[in-house]
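> Below are the structure tokens for one structure; questions will follow.
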Amino acid sequence: MITRRAFIRTLGGALLATPLAAEAQQAGKVARVGFLSPGHPGGVVDLNASTAFNIIRQGLRDLGWIEGQTVIFEPRFARDDANKLPALAAELVRIPVDVLLTVATAATQAAKNATTAIPIVMCPVGDPVAAGFVASLARPGGNITGVALNNVDVAAKRLQLLKEAVPKMKRVAMLVNEANPGFTKLQVTATSTAATQLGIRFEIVGVREARELESAVTKLKGTDALIFPPDPLFIAEAERLATLALRARLPATMDAKVFAQVGGLVASAPDYAELYRRAASQVHKLLRGAKPSELPVEQATRYDLTINLKTAKALGLTIPQSLLLRADEVIQ
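Going by my numbering, the letters in the sequence shown line up with residues 2 to 333, in that order.
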């Protein structure tokens with residue numbers, strides 16, 4: 002026979018053993034997490050939409066959420082067509098989801114336009130303050146928080162690394178995605194500022210679709226080097242762009258490790274997997290009752306440098322030893 006005191010102790014222990022995630026839910030309620038990406042399931046690893054989604058799922062699983070029991074995921078992919086994002090965002094709002102996680106600037110803008118009530122976790126976004134997503138990184142102030150890259154610092158570092166790899170560089174061009182205006186504006190502004198500081202002439206060439214890439218790169222043969230910003234369109238075409246740049250004899254860089262691994266000259270990129278895990282932690286906090294207006298936006302702190310010496314040799318470049326020593330990966 003169990004005493005009343007023993008019963009209370011047993012009941013208390015059982016409650017403590019319940020996953021933390023379940024504590025945030027009303028009895029019988031299952032949380033719904035929306036996932037909105039401009040990408041296409043499959044493709045290269047760095048910003049691969051399905052890879053990001055799976056990291057988010059695993060991150061929440063590690064935090065105690067059980068798929069199908071305490072959480073249900075609602076993934077939506079624009080499949081490299083940014084025009085689909087507003088409708089997909091509206092669809093997730095109608096369900097409705099409890100938290101909406103967005104990948105990159107265009108998806109975050111679509112979600113912002115779709116709801117001011119549902120908490121949004123963006124990951125990663127170049128400059129969420131300049132984009133108007135948050136009031137400040139420390140106190141976002143609205144329904145959006147997440148993980149950000151510092152566009153100004155990243156642009157300056159990217160250009161400096163390219164300058165070190167190509168010491169005679171006087172003129173640099175950037176390929177931009179005109180179908181992603183918010184992200185493009187931030188990238189152009191930040192890179193232009195960095196180029197002015199380094200005394201480098203800067204120009205841009207715009208595209209809207211993958212089929213325009215070859216002609217755009219061909220037009221840039223006269224420049225000294227080429228930058229591909231980490232737009233989902235370019236990330237998805239990383240191998241093709243590396244091939245096109247090499248064919249045009251253009252030293253090129255992209256903020257995605259895979260670019261250098263498949264033939265680009267140099268890449269300086271954050272650990273995207275770690276950024277997605279941090280985003281999962283923020284989703285967890287929001288589902289447990291945190292307010293997005295008070296949940297600080299986190300920032301990427303580490304960037305890995307990858308250099309492709311085979312490509313450097315093909316371009317007739319000698320990479321300085323000082324730069325090679327700083328590289329996290331050197332491809333022979």
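No residue lacks a Cβ here, since even glycine has one placed at the ideal position from N, Cα and C.
Expressed to the nearest angstrom, what Euclidean distance is found between the alpha-carbon atoms of residue 47 and residue 148?
Note that residue 47 scores 45 on pLDDT, short of 50, meaning its location in the model is unreliable; the coordinates nonetheless yield the value given after this. Rounded to whole angstroms, residue 47 to residue 148 spans 16 Å at the Cα level.
> Within the continuous alpha helix (DSSP H) that includes residue 185, where are the two ends?
Note, residue 185: alpha helix (DSSP H), 182–199.
> I need the straight-line Cα distance from residue 31 to residue 91, nearest angstrom please.
Rounded to the nearest angstrom, the two C-alpha atoms are 21 Å apart.
> Does the pairing of the stretch 105–123 with the stretch 79–89 give three or more beta-carbon distances under 8 Å?
Segments in contact, yes.
> Classify residue 58 as helix, strand or coil using the three-state DSSP reduction.
It is helical.
> Out of 297, 333, 304, 320, point me to the one whose CA is closest to residue 130's CA.
Residue 297 is the option with its Cα nearest to residue 130.
> Would you mind working out which of 188, 180, 191, 170 sits nearest residue 208, comparing C-alpha positions?
Answer by Cα proximity: 180.
> Give the range of the beta strand (DSSP E) segment to which residue 78 is assigned.
Element bounds for residue 78: 72–78.
> Quick check: what's the CA-CA separation for residue 323 versus residue 107?
Distance between the alpha carbons of residue 323 and residue 107: 37 Å.
> Quick test of the definition: if touching needs 3 or more C-beta pairs under 8 Å, does the stretch 58–74 touch the stretch 154–174?
Verdict: no, contact absent.
> Note the first and the last residue of the continuous alpha helix (DSSP H) segment covering residue 323.
Its alpha helix (DSSP H) spans residues 322–325.
> Answer with buried or exposed for residue 27, where buried requires no fewer than 16 other C-beta atoms within 10 angstroms of its C-beta.
Confidence at residue 27 is low in this model, with a pLDDT of 48, below 50, so the placement of that residue should be treated as unreliable; the coordinate-derived value is given next. Burial call: exposed.
> Mind listing, in chain order, the continuous beta strand (DSSP E) runs of no fewer than 3 residues lying wholly within the stretch 238–281?
Counting only runs of 3 or more, we get 253–255, 267–271.
> Among 333, 270, 293, 59, which residue has its Cα nearest to the Cα of residue 309?
The shortest Cα separation from residue 309 among 333, 270, 293, 59 belongs to 333.
> Alpha carbons only, please: which of 198, 34, 117, 124 is nearest the one belonging to residue 142?
The residue with the shortest Cα to Cα distance from residue 142 is 117.
> Which of the three DSSP states is assigned to residue 25 in this structure?
The pLDDT assigned to residue 25 is 42, lower than 50, so where the model puts this residue is not dependable; a value taken from the coordinates is nonetheless given after this. Looking at residue 25 - three-state DSSP - the assignment turns out to be coil, as it is neither helix nor strand.
> Would you report the Cα separation of residue 267 and residue 306, rounded to the nearest angstrom?
About 7 Å.
> Taking only the alpha-carbon atoms, compute the straight-line gap between residue 156 and residue 190 and give it to the nearest angstrom.
Looking at the two C-alpha atoms, the distance is approximately 9 Å.
> Would you call residue 254 buried or exposed, if buried means 16 or more other Cβ atoms sit within 10 Å of its Cβ?
Residue 254 is buried by the Cβ-count criterion.
> In whole angstroms, what separates the C-alpha of residue 25 from that of residue 66?
Caution applies to residue 25, whose pLDDT of 42 falls short of 50 and renders its modelled position unreliable; the value that the coordinates give is listed next. So the two alpha carbons sit approximately 11 Å from each other.
> Could you please give me the residues that DSSP links to residue 38 through a beta bridge?
For residue 38, which the question treats as bridged, DSSP gives the partners 78.
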